[in-house]
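So the number in my numbering is just where the residue sits in the sequence shown, counting from 1, plus 523.
Glycine residues also receive a C-beta, built at the ideal position from the N, C-alpha and C atoms.
Remarks on the structure that follows.
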Amino acid sequence: MIEDLTEQQAAAKLAADGFNDVPEPTFNFFKAVVSRLWEPSAWILEGALVIEVVLGKEIQAGFIALMLVFAAVNGAIQSRRAALVLQELAHQLTPTSSVRRAGHWQLIDAKALVVGDLISLQVGSVIPADIRVLTNPIHTDESSITGESVAVIHMPGETAFAGTMVVAGETLARVLATGSHSRAGKTVSLINQNNAPGHLQRLLGKIIGYLALLDSALALIIVGIALIRHADMIQMLPFLAMLFIATIPIAMPSSFAVANSVEARELSRQRILVSELTGIQEAANLNLLLVDKTGTITTNQPQVVQFKNLSARSDQQLLRLAASATDSRHPSVVDQAIVNFAHRYQLKRLPQQEFKPFDASVGYAEALVGEAPTVVRVRIGALSRLYELTTQQPALAIDQLDLTRGRSVAVMINNVLQGVLILQDQPRPDSAAALKRIQHRGVKTIMLTGDNLKTAQAVA
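Encoded structure:
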């Protein structure tokens, strides 16, 4: 028996280690203002300010100082507002995890996981913390941390990392590290400490650099002519300062901050999370968009639109067996669709003696269903795979099914193919209009899906 934590132990660890998330960097208003006073566009004006002070031009110096302070404070205020918008939207994301405490399985917020928790993982689960695999080997997609698309096999006793996804197998696992102590948490912490400038910031830096070079060239020409004419160089200094002040766009950075803050707030109202304001700027250069079908274009809530009974059993008997062979601990969208379809006929699940979750390498899930002596082996999976494994041809032909309507899921009982369900995932009501607006803006869209070609074309 694998031990788990009690609620008291979990509460103590949570108080000691903190939540299973990475603390967000606090916004330092003073630091934000100072950073805006220490950049190329500000340096030039600060140089002009020094010249005006040396010449005793208090009014001009005060005007330059006012411009500098206003731009810096306004930019910091807008950045703070944008940070608050992003934090508010990010806090609405609440992933859950299946954990056993005090002998009972429960779904809890993944933020509440602690070191030592016993969790259950299956195909499609995103690993919520660094864990040690306990019971069965699993295949994980670690492309989010390594960039490698090939699945990695983790045997019992090995460590798998937070943020990766289980693509095959199921297992119990022990939490080893949470929050900023996990591998993904350390990466996020480093990212939070280093913010790269956006496209507009780089463009603005180039513009200011070119203007500064132009102003410097003009200043050299003016000084040269003044020397030739033996003019008073002290009287030339205010003119040279005004030359730089008039051409350097000191208000442009704060203008960008205002515009991006307004855009971030508008996006947040539409439940779109922008991790950095520079992301808005980069999105303006987008010309190709790859869109995932399931859950993005569609609702990811497929429904059974056709059921074909190929056996001598009644429809209710076959549906009850199929529903009883689904995963009750971590139901997938396919499992949920079958269970919902069985509920229409008010069918209750039969006892499940043994269960093996869906494995992409074999193409089906498997369960022993019923009570002795009427226990049967039920497999639910891909039609093509189970059709290969059937020991006898079904009583009715499957060519009567319209397999182009959606995803086909076959039901096999005791090695005999006995039924087929067609599942259809409907597009979101606003998908067509949204894609049309994106294309109207000159962005090419490509749909990504693992479905067969006919299903993909029907959705497209």
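{"query": "Nearest residue (CA-CA) to V689, options I654, Y910, I650, D925", "result": "I650"}
{"query": "Test item: CB-CB of R928 and T821 under 9 Å", "result": "no"}
{"query": "Three-state secondary structure (DSSP) of Y887", "result": "strand"}
{"query": "Cβ pair A652, V698 closer than 9 Å", "result": "yes"}
{"query": "Beta strand (DSSP E) runs wholly inside the region 918-981, at least 3 long, in chain order", "result": "930-936, 939-947, 967-971"}
{"query": "Supposed contact pair V576 and A565 - C-beta distance, whole angstroms, cut 8 Å", "result": "Not quite, the Cβ-Cβ distance comes to about 16 Å (not below 8 Å), so this is no contact."}
{"query": "Minimum C-alpha distance to V828 - residue among R792, A865, G818", "result": "A865"}
{"query": "R706 vs A674 beta-carbon contact at 9 Å", "result": "no"}
{"query": "Three-way DSSP call (helix, strand, coil) for L812 in this model", "result": "strand"}
{"query": "Every unbroken beta strand (DSSP E) within the region 846-891, with a cutoff of 3 residues, ordered by chain", "result": "875-882"}
{"query": "Buried or exposed by the 16-neighbour rule on C-beta atoms within 10 Å, applied to Q1037", "result": "With the chain covering 524 to 983 only, the question about residue 1037 has no answer from this structure."}
{"query": "N597 in three-state terms, based on DSSP", "result": "helix"}
{"query": "Complete runs of the alpha helix (DSSP H) confined to the region 537-589 [at least 4 residues]", "result": "552-560, 563-577"}
{"query": "Assigned secondary structure, N832 (DSSP; H/G/I helix, E/B strand, else coil)", "result": "strand"}
{"query": "Of the residues R725, I961, S907, the one placed nearest N810, counting alpha carbons only", "result": "I961"}
{"query": "Assumed close pair V646, E693 - CB separation to whole angstroms, cut-off 8 Å", "result": "7 Å"}
{"query": "Helix, strand or coil at Q826 according to DSSP, with G and I counted as helix", "result": "strand"}
{"query": "Element boundaries [alpha helix (DSSP H), containing S907]", "result": "906-912"}
{"query": "Beta-carbon contacts of T687 that lie in its chain and below 7 Å, excluding the five residues immediately before and after", "result": "I650, T663, D664, E665, S667, I668"}
{"query": "Through-space distance from D953 to H963, alpha-carbon basis", "result": "15 Å"}
{"query": "Supposed contact pair L537 and A635 - C-beta distance, whole angstroms, cut 8 Å", "result": "7 Å"}
{"query": "Which listed residue (I903, T897, V892) has its alpha carbon closest to that of D882", "result": "I903"}
{"query": "Identity of the residues DSSP links to L630 by a beta bridge", "result": "S621"}
{"query": "Classification of G598 by the beta-carbon crowding that lies within 10 angstroms, buried from 16 upward", "result": "buried"}
{"query": "Classification of G942 by the beta-carbon crowding that lies within 10 angstroms, buried from 16 upward", "result": "buried"}
{"query": "Residue closest to I661, alpha-carbon to alpha-carbon, out of L641, A691, I654", "result": "A691"}
{"query": "Collapsed DSSP secondary structure at R725 in the structure displayed", "result": "helix"}
{"query": "CB of A571 within 9 Å of CB of A764, strictly", "result": "yes"}
{"query": "Other residues of its chain near L940: CB distance less than 7 Å, five sequence neighbours each side excluded", "result": "L833, L909, Y910, T913, P917, A933"}
{"query": "Residues that DSSP places opposite M688 in a beta bridge", "result": "V649, D664"}
{"query": "Buried versus exposed, by CB contacts within 10 Å (16 or more), N543", "result": "buried"}
{"query": "Supposed close pair V856, P825 - CB separation, criterion 8 Å", "result": "6 Å"}
{"query": "DSSP beta-bridge partners of S703", "result": "According to DSSP, which records beta bridges pairwise, S703 is partnered with nothing at all."}
{"query": "Buried versus exposed call for R867 [16 or more other C-beta atoms within 10 Å across all chains shown]", "result": "exposed"}
{"query": "Local conformation of A764 per DSSP, three classes", "result": "helix"}
{"query": "D527 to I795 span [Cα, whole Å]", "result": "38 Å"}
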